[in-house]
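Asker:
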Amino acid sequence: MALALAGCSSAKAEPAPRRAPGWGVQTSAAPASGVPFDYRTVLAEIRRKGFTADKPATVPPGPLRAFLAVGTGSADGGYQQVFFFDEGRLAGTTHGGRYEILGQDGTSVRLELPQYAGSDAQCCPSAPSRRHTATLTGTTLTITPPIPADPNHQ
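Residue numbers (our numbering): 34 to 187.
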């Protein structure tokens, strides 16, 4: 049947489907502005604050992204802060201490803070760790429960 239609001049080709203007799906790596997330800008901002962060192996989902950074020149890596970005805007940081980012999904970041008893060596926190969750409401960063000024000591 395809051969019979090939020579027929009255058969019209279907027009290509048209995409509605503005239609698209944003990924976590591209903010609503359509500009891809720029690690260089974020890492430069962290460096300006006196910290060093490595580029993660995978792109954290956005718009809320967290980066664990170590105080530049820290001998043992014990002086850390978590930097929170709303796309490319610095939304906030934690107090200096030791942290672990347990996970992040673009709307929340789960943190764990090791806890040291009075006689613990720097290597070996023995008290139960604390867990906290960071979220954005509009442009306001909220950490629940709030992280105390001395984040690693009970």
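Note that CB positions come from ideal geometry on N, CA and C, so glycine has one too. Please read these numbers as outputs of a predicted model, since none were measured by experiment.
DSSP on S61, reduced to helix/strand/coil?
Answerer: Numbered from 1 along the sequence shown, position 28 holds the residue referred to as residue 61. Confidence at S61 is low in this model, with a pLDDT of 37, below 50, so its placement is unreliable and the value that follows should be read with caution. Three-state result, S61: coil.
Asker: Along the chain, where does the beta strand (DSSP E) containing C134 start, and where does it finish?
Answerer: In the sequence shown, residue 134 corresponds to position 101, counting from 1. For the record, residue 134 in the displayed sequence is Ile; it is not Cys. Per DSSP, I134 belongs to the beta strand (DSSP E) from 133-137.
Asker: Tell me, to the nearest whole angstrom, how far the beta carbon of P93 is from that of Q137; I am working on the premise that it is less than 8 Å.
Answerer: If you number the sequence shown from 1, residue 93 lands on position 60. If you number the sequence shown from 1, residue 137 lands on position 104. 5 Å between Cβ atoms; contact.
Asker: With a CB to CB cut of under 6 Å and the five nearest residues on each side skipped, what residues in its chain are close to V142?
Answerer: Looking up residue 142 in the sequence shown gives position 109. The residues are A99, A167.
Asker: Looking at C-alpha atoms only, which residue of A124, G111, A108, V75 is the closest neighbour of T170?
Answerer: Position 137 of the sequence shown, counting from 1, holds the residue named residue 170. Cα-wise, what sits closest to T170 is A124.
Asker: Quick one: which unbroken beta strand (DSSP E) runs of 3-plus residues sit fully inside the stretch 114-170? Chain order, please.
Answerer: 122-126, 133-137, 141-148, 160-170, all fully within the stretch 114-170.
Asker: What residues match up with I176 in a beta bridge as DSSP calls it?
Answerer: The residue you call residue 176 lines up with position 143 of the sequence shown. In the DSSP output, where bridge partners are listed per residue, I176 has A167.
Asker: Reducing DSSP to helix, strand and coil, say where P54 ends up.
Answerer: Within the sequence shown, residue 54 is the residue found at index 21, counting from 1. Caution is warranted here: a pLDDT of 33 is assigned to P54, below 50, making its placement in the model unreliable, and the coordinate value is therefore given only provisionally. Reduced to three states, the DSSP call for P54 is coil.
Asker: Taking Cβ positions, are F84 and G104 nearer each other than 8 Å?
Answerer: For this step, residue 84 is matched to residue 51 along the sequence shown. For this step, residue 104 is matched to residue 71 along the sequence shown. The answer is yes: Cβ separation under 8 Å.
Asker: Here's a check: name, in chain order, each residue in its chain whose Cβ is nearer than 6 Å to the Cβ of I176, leaving out the five neighbours to either side.
Answerer: The sequence position of residue 176 within the sequence shown is 143, counting from 1. Around I176: H165, A167.
Asker: Considering V75, what are the terminal residues of the beta strand (DSSP E) in which it resides?
Answerer: Mapped onto the sequence shown, residue 75 falls at position 42. Per DSSP, V75 belongs to no beta strand (DSSP E); it is in the alpha helix (DSSP H), 72-81.
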